[in-house]
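Below: one structure, written as structure tokens.
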Amino acid sequence: MITGEMKTLLWKELLDLYRDRKTLFTSILLPLISLPLIGLMGLALIEQQTVNIAIVDLDRETYTNNLLNITLSSKWIVENLTRYLERYGYNVTIAENRDVVENPRIDLAVIVPEGFTVNASSLNSTAKIIVLRKAGVQAAARAEATIYSIIDYFSQNISDAKINALSRLLNTTIKPEALRKPVSAYTRIVGTFGQKVSPEIVYRNMFARILVLGFSFVVTPAASFVIDGIIGERERKTIELLLAAPVSPQTVIWAKLIAATILGLITALADIAGLLVYMASFSLALGVSFTLIVDPLLIGLHAITAFFTILVTISIALPFITRTRGIRSASNIVGIVTIVALIFFFTGFYVDYIKLPGDVLTPLYLIPYTHSILVIQAYILGYTLRSFLHILVLAIASIVILYIASRTVNTEKILTAQS
Amino acid sequence: MVREVLIVEDIHKIYDGKVHAVKGVSFRVHSGEIFGLIGPNGAGKTTTLRMIATLLKPTRGSIFVNGVDVVKDPINARKYIGYLPEEADVYTRLTGYEHLLFYARLYDIENVEETVRFGAKLSGLGDDLERRAGEYSKGMKRRLLLALVLMRKPHLAILDEPTSGLDVYASVRVRRMIKKYVSETGSSVVLSSHNMLEVEYLCDRIAFIHNGRIIDSGSVEEVKERYNVLNLEEAFVSAIERVGGRK
Chain V
9 MITGEMKTLL WKELLDLYRD RKTLFTSILL PLISLPLIGL MGLALIEQQT
59 VNIAIVDLDR ETYTNNLLNI TLSSKWIVEN LTRYLERYGY NVTIAENRDV
109 VENPRIDLAV IVPEGFTVNA SSLNSTAKII VLRKAGVQAA ARAEATIYSI
159 IDYFSQNISD AKINALSRLL NTTIKPEALR KPVSAYTRIV GTFGQKVSPE
209 IVYRNMFARI LVLGFSFVVT PAASFVIDGI IGERERKTIE LLLAAPVSPQ
259 TVIWAKLIAA TILGLITALA DIAGLLVYMA SFSLALGVSF TLIVDPLLIG
309 LHAITAFFTI LVTISIALPF ITRTRGIRSA SNIVGIVTIV ALIFFFTGFY
359 VDYIKLPGDV LTPLYLIPYT HSILVIQAYI LGYTLRSFLH ILVLAIASIV
409 ILYIASRTVN TEKILTAQS
Chain U
2 MVREVLIVED IHKIYDGKVH AVKGVSFRVH SGEIFGLIGP NGAGKTTTLR
52 MIATLLKPTR GSIFVNGVDV VKDPINARKY IGYLPEEADV YTRLTGYEHL
102 LFYARLYDIE NVEETVRFGA KLSGLGDDLE RRAGEYSKGM KRRLLLALVL
152 MRKPHLAILD EPTSGLDVYA SVRVRRMIKK YVSETGSSVV LSSHNMLEVE
202 YLCDRIAFIH NGRIIDSGSV EEVKERYNVL NLEEAFVSAI ERVGGRK
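Here the protein sequences line up with chains V and U, keeping their order. So for the first sequence, our numbering puts the first residue at 9; every next one is plus one. So for the second sequence, our numbering puts the first residue at 2; every next one is plus one.
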């Protein structure tokens, strides 16, 4: 129950926060723009990266397989490879020999070796194209993937031509696919309980993973706000007068924690808004339905989980904050707590906690952040009840930790830590 | 009948089991009286005042404010106490008026509006109360803080160096404010100060505190007569020299 004193303290805290435009601005703006900015900037910079590719034709031959009546020219391969790569925006140069790879400006070299056309058109050998990629050049790895897909396309065309020639020679109908790839597999995405789901579910899952990562962005500003609320108020010489009022130091601290959690929640909402912008552009680019990717209940769960995650973080940090001398030392100590949180949320981005074996997961249950992650992961995999259960555990844990932490708050410690 | 608003009995404060800051201080303050606690830096003035204000727990001894045991029932005792710390400051983003409103509400006063009006009058800040306190001069801030402490007319006001760091003009305004408040309300004040002129102007009785002990006390005139000196400053120096303090 919120008492009259608590209301008064909250009124002061929130009025102060409302007028602290710099804190509000940075708390809202940073998470709002960070994800879309990461996406857009990443895309823009990737496009700007130049990759210099050299193609070396050591074969320089046109060969006709008389049996199959197939003619293959290395010049044709080089010309088409160049055309496709230039279409993807790469800088392509034709080189005379493989020494070109010694040129530091060249990121990747494609070598068409001697005998390529003979081997490629033969029925009992295979032809190789050598790709020399410079280590550590990220864009070269992307170019390599493009080259492999172009070569696959050439390979398929040559294979089709050979099979069609054999078909003519044998005077029988041969489907190229039946010879080239008699066995194939394909995947159909289904729900946790085998139900039919739309392909967008994959992106929804990715959205949920980013939401887990998003918890990282909200714990830090809330913790900073609490540090400022307690240590900052002591340094600004306003806390002694406040502690002399007929309210318990616990009530004073709770009001500060609630105000910090509200700030954290505002940050979480800004984070979600940023994520929605990011996902909207993503859905537009992929032509998938935005409404299928974004689930309002999931966003609601994220907001509630963020609230309790912030509360639990600042409650754990509270006994240390009230016992430190200055903002810097308090920030360092709180940094340790938030780093633990960040480790969990980053692992939650790529580890399915819900799939961890019992003997691994059970001790992790003792860390409240495990429940923050499981709220989202359980919901996205269809375990709605379990998701709600983790919210309940997180809520109880945060209230219990807050209660214990506030019992350790002592006016004398707050005042004498400065002297 | 003169009533004892504050009874301090043999209080001690030992920090972390090592530093014995206050060593058996005892004194009493009557209603309508201004009592001055005078001593050099590190004498134990602030620790004593903080213990009376319920912010520090005495290691030993007892303190009663208006009959309430400060150690056993600090929250109740605070209702009768107004405490102005030496280094108190304002919330820079709140207006003067919002400060008055905040503290009036926090003390659960029945007539908040009337209390705020009285606080506004006490501060003498007028229209400046609508401005953010961060824009105030040091003197204005101190007057606002003093008004916050005194506006609800506490039985006992504890003022730690009320004019510390203020210029002459601002100091005089604060002193007049204290004097006027006591004469109008009949409340009691315990204050600490380095400024002997201030003490002579304000206090009815004083106590010299040195190394955590009270070394002398009485009315200003009594103390001056005892040391056969013309002013309190000389009495203070003589008292310290008598106990083998600073030379």
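Ideal Cβ placement from N, Cα and C applies to all residues, glycine included.
Whole-Å CB distance - residue i paired with residue j, under 8 Å assumed
i: Tyr98/V; j: Ala151/V; result: 6 Å
i: Phe352/V; j: Ile375/V; result: 7 Å
i: Val383/V; j: His398/V; result: 5 Å
i: Arg143/U; j: Val175/U; result: 6 Å
i: Val221/U; j: Glu201/U; result: 6 Å
i: Ala171/U; j: Lys139/U; result: 7 Å
i: Val118/V; j: Ile61/V; result: 7 Å
i: Arg29/U; j: Ile8/U; result: 5 Å
Minimum Cβ-Cβ distance from residue i to chain V less than 9 Å
i: Thr55/U; result: yes
i: Glu115/U; result: no
i: Lys248/U; result: Reliability fails at Lys248/U, whose pLDDT of 46 lies under 50, so the model's placement of it is uncertain and the value that follows must be treated cautiously. With 9 Å as the cut-off, Lys248/U does not count as an interface residue toward chain V.
i: Phe103/U; result: yes
i: Leu233/U; result: no
i: Thr164/U; result: no
i: Lys122/U; result: no
i: Val72/U; result: no
i: Ala89/U; result: yes
i: Lys86/U; result: Here residue 86/U is Pro; the residue named in the question, Lys, does not match the sequence. Output row for Pro86/U: interface = yes.
i: Lys154/U; result: no
Cβ-Cβ distance between residue i and residue j below 9 Å
i: Tyr377/V; j: Phe223/V; result: yes
i: Val417/V; j: Pro257/V; result: yes
i: Phe209/U; j: Ile39/U; result: yes
i: Leu32/V; j: Leu25/V; result: yes
i: Tyr108/U; j: Arg153/U; result: yes
i: Leu151/U; j: Ala158/U; result: yes
i: Pro229/V; j: Leu38/V; result: yes
i: Ile114/V; j: Lys136/V; result: no
i: Lys448/V; j: Leu131/V; result: Outside the shown range of chain V, which is 9 to 427, sits residue 448/V, and nothing can be said about it.
i: Ser337/V; j: Ala413/V; result: no
i: Leu219/V; j: His310/V; result: yes
i: Arg120/U; j: Tyr104/U; result: Note on residue identity: the sequence assigns Gly, not Arg, to residue 120/U. Yes, the pair counts as a contact, with Cβ atoms nearer than the cut-off.
i: Phe298/V; j: Ser406/V; result: no
Buried versus exposed call for residue i [16 or more other C-beta atoms within 10 Å across all chains shown]
i: Phe36/U; result: buried
i: Ser427/V; result: Confidence is the limiting factor: at Ser427/V the pLDDT is only 41, short of 50, which leaves the residue's position unreliable, though a coordinate-based value still follows. Its Cβ having fewer than 16 others within 10 Å, Ser427/V is exposed.
i: Trp84/V; result: exposed
i: Arg106/U; result: buried
i: Lys248/U; result: Residue confidence for Lys248/U is low, a pLDDT of 46 falling below 50, so the modelled location carries little weight and cannot support an answer.
i: Leu410/V; result: buried
i: Gln146/V; result: exposed
i: Gly18/U; result: exposed
i: Leu231/U; result: exposed
Min CB distance residue i to chain B below 9 Å
i: Leu23/V; result: This model lacks chain B altogether, as its protein chains are V and U.
Between the CA atoms of residue j and residue i - distance to the nearest angstrom
i: His100/U; j: Leu149/U; result: 7 Å
i: Cys204/U; j: Ile241/U; result: 20 Å
i: Val210/V; j: Ile197/V; result: 8 Å
i: Leu23/V; j: Val234/V; result: 15 Å
i: Ser218/U; j: Arg227/U; result: 10 Å
i: Ile158/V; j: Gly343/V; result: 49 Å
i: Leu80/V; j: Ser192/V; result: 29 Å
i: Thr55/U; j: Glu420/V; result: 10 Å
i: Leu102/U; j: Ile341/V; result: 35 Å
i: Pro184/V; j: Asp168/V; result: 6 Å
i: Thr186/U; j: Ala134/U; result: 27 Å
i: Ala267/V; j: Gly390/V; result: 34 Å
i: Phe65/U; j: Asp161/U; result: 19 Å
i: Glu234/U; j: His195/U; result: 10 Å
i: Ala153/V; j: Ser82/V; result: 21 Å
i: Thr269/V; j: Ala252/V; result: 25 Å
i: Leu305/V; j: Gly47/V; result: 25 Å
is_contact[residue i, chain U] using C-beta, thresh 9 Å
i: Ala268/V; result: no
i: Ser339/V; result: no
i: Lys264/V; result: no
i: Thr392/V; result: no
i: Arg244/V; result: yes
i: Thr34/V; result: no
i: Pro254/V; result: yes
i: Leu249/V; result: yes
i: Gly12/V; result: yes
i: Leu18/V; result: no
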